[in-house]
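Remarks on the structure that follows.
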Amino acid sequence: DVVQDYTALLLGDFYGTEGALVDHRDNYNKEIDRIEKRIVDLEKRAQEVKDQLTRSFVEMEKAQAKTNQEMQFLTKRFA
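In the working numbering, each residue carries its 1-based index in the sequence shown increased by 1.
Shown next, in the form of structure tokens:
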């Protein structure tokens, strides 16, 4: 009886530890997956912001070019 109890105790500790290790590994894997998804989301958002800023800059350049043309016209007209 003592040997069986001791064996059961050892096996219980071993399997319990194994289960805990598996749980920790699973939790780490889930956290890694969450972090990787967050990175993908942030990279996508950064690209969207970059694209918007690029479009805004191009529009600003066009507006400035138009203003410069109008200014040249007015300068020639009233000079």
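In this text, a Cβ means the ideal position worked out from N, Cα and C, and glycines have one as well.
Predicted, not measured: the structure shown is a model, and the values here were computed from it.
Item                                                                     : Value
Simplified DSSP state of residue 6, which is helix, strand or coil       : helix
Three-state class that DSSP yields for residue 64 in the structure shown : helix
C-alpha gap between residue 63 and residue 75, whole angstroms           : 18 angstroms
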